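Notes for the one structure printed next.
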Amino acid sequence: MPKLSPGFYQQEDVVALARQLLGKQLYTCVNGVLTGGIIVETEAYNGITDKASHAYGNRYTSRTAPMYQAGGIAYVYLCYGIHYLFNVVTGRENNPQAVLIRGIEPLEGKEIMLERRNMTRVLPRITAGPGALAKALGIDKQLNAKILTGNEIWIEDSTISHHDSQIVASPRIGVAYAQEHAFLPWRFYVKGNPYVSKLNR
DNA sequence: GTGCGGATGAACT
DNA sequence: GTTCATCCGCACT
13 MPKLSPGFYQ
23 QEDVVALARQ
33 LLGKQLYTCV
43 NGVLTGGIIV
53 ETEAYNGITD
63 KASHAYGNRY
73 TSRTAPMYQA
83 GGIAYVYLCY
93 GIHYLFNVVT
103 GRENNPQAVL
113 IRGIEPLEGK
123 EIMLERRNMT
133 RVLPRITAGP
143 GALAKALGID
153 KQLNAKILTG
163 NEIWIEDSTI
173 SHHDSQIVAS
183 PRIGVAYAQE
193 HAFLPWRFYV
203 KGNPYVSKLN
213 R
């Protein structure tokens, strides 16, 4: 399938875009090795007014800088000193929105994913959760700020179209510090898919 | 320069 | 359900 175009990423409604990313296919080609899967879980981070966003209050630092670029690039950062988390930057330049990819269903390069994850067979935890899928796809800070229409990391369109009844909207994970914004239903996932992290929320 | 804590996951009890 | 690995971004001095 064709890669998603800059116009897709530059939509202004990051919450709607997070919903639309479900079913699309995320690929990486790291060290010449292709891996990829179907996006089944996302979270929207809504710019400078969202207390859970790294760009809350228009915070601009070397880490958050990629979020301020025009939509269509990667924002990868290290969390808890251990895990890399991959986000899709969205919206216009200087509107720092992003969608965190939290779960994918493996499609391509499963053997490589098993190696990277130190596993012997494909279990859901291989790519369920943002840290897990980043490791399986070989995503680290080397891919930070890379354009998503390039040949290292990209997202392809899909014929998969989920009916609203198959999609769950729920509060985001791990953002209790965001106070009133912690309860916004800006997490989206495919109902019943085993590659969704923390299914019972 | 220092100190705090986090958009997690795995291995425990 | 609880603990902990392990780093650096960020705020403040």
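Residue numbering for the first sequence is 13 to 213, as defined by this note's numbering. For every residue, glycine included, the Cβ atom is placed at its ideal position computed from N, Cα and C. Just so it is clear, the structure is predicted and the values come from calculations on it, not from any experiment.
The region 106–119 and the region 202–210 touch, with three or more beta-carbon pairs separated by less than 8 Å.
Within the same chain, Cβ atoms closer than 6 Å to the Cβ of T161 are found at K15, the five residues on either side in sequence being excluded. In the displayed model, K158 falls within coil according to three-state DSSP, outside both helix and strand. Apart from the 5 residues on each side of it in sequence, V42 sits with its Cβ closer than 6 Å to the Cβ of G150 in its chain, given in chain order. Beyond the five residues adjoining it in sequence on each side, P118 comes within less than 7 Å, by CB distance, of G49, M125, V134, I138 and T139 in the same chain, given in chain order. For E123, the three-state secondary structure derived from DSSP is helix. Pairing F200 with E53 gives a Cβ-Cβ distance under 9 Å. In the DSSP annotation of this structure, the continuous segment of the alpha helix (DSSP H) that includes F20 starts and ends at P18 to Y21. Contact between V88 and L155 holds: their C-beta atoms lie close to 5 Å from each other, under 8 Å. For G59, the three-state secondary structure derived from DSSP is helix.
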